[in-house]
Amino acid sequence: MSVVLLAGVAVVAVVAAAGLGRAAGATRQVARVQAVADLVAGAAVVADTDGARRVAAANGATLAGVRSSGDVVTVAVTAGGISRSATARPAEPTASPGAP
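Our numbering applies: residue 97 is where the sequence shown begins, and numbers increase by one.
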């Protein structure tokens, strides 16, 4: 009886570990897609929609949409069934040292 119980516990542990592994993999995939969305948003600010689309494709994603409001650009990116969005704006100009 105890051998069967131990075998059952072992099976449950293996199934739980596999589930945790899949969850960790999914979390990494979501983080990767978010990183690509951030990158594509930056490309949309410094380039244009075509440039952003090329950056998305080069990173295994699809540019699902672009919206601009003034100098703020928001993009939607899809990869592997996961969709994420990111917003970017041009960097603020910085004064060079010694400038008047």
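All C-beta atoms in this analysis are idealised placements derived from N, C-alpha and C, irrespective of residue type, glycine included.
As the structure is a computational prediction, the values presented were derived from the model and not from experiment.
With which residues is residue i paired in a DSSP beta bridge?
| i | result |
| --- | --- |
| Thr158 | Thr174 |
| Val126 | Bridge partners of Val126: none, in fact. |
| Arg163 | Thr170 |
| Thr183 | Thr170 |
Please classify residue i as buried or exposed, where buried requires at least 16 other C-beta atoms within 10 Å of its C-beta.
| i | result |
| --- | --- |
| Gly156 | exposed |
| Arg180 | buried |
| Ala122 | exposed |
What's the C-alpha gap between residue i and residue j?
| i | j | result |
| --- | --- | --- |
| Ala152 | Gly166 | 22 Å |
| Val99 | Ala127 | Note that Val99 scores a pLDDT of 43, beneath 50, so its modelled location is shaky and nothing firm can be said. |
| Gly147 | Ala154 | 11 Å |
| Val132 | Arg149 | 11 Å |
| Ala139 | Gln125 | 21 Å |
| Ile178 | Ala184 | 20 Å |
| Thr158 | Thr145 | 12 Å |
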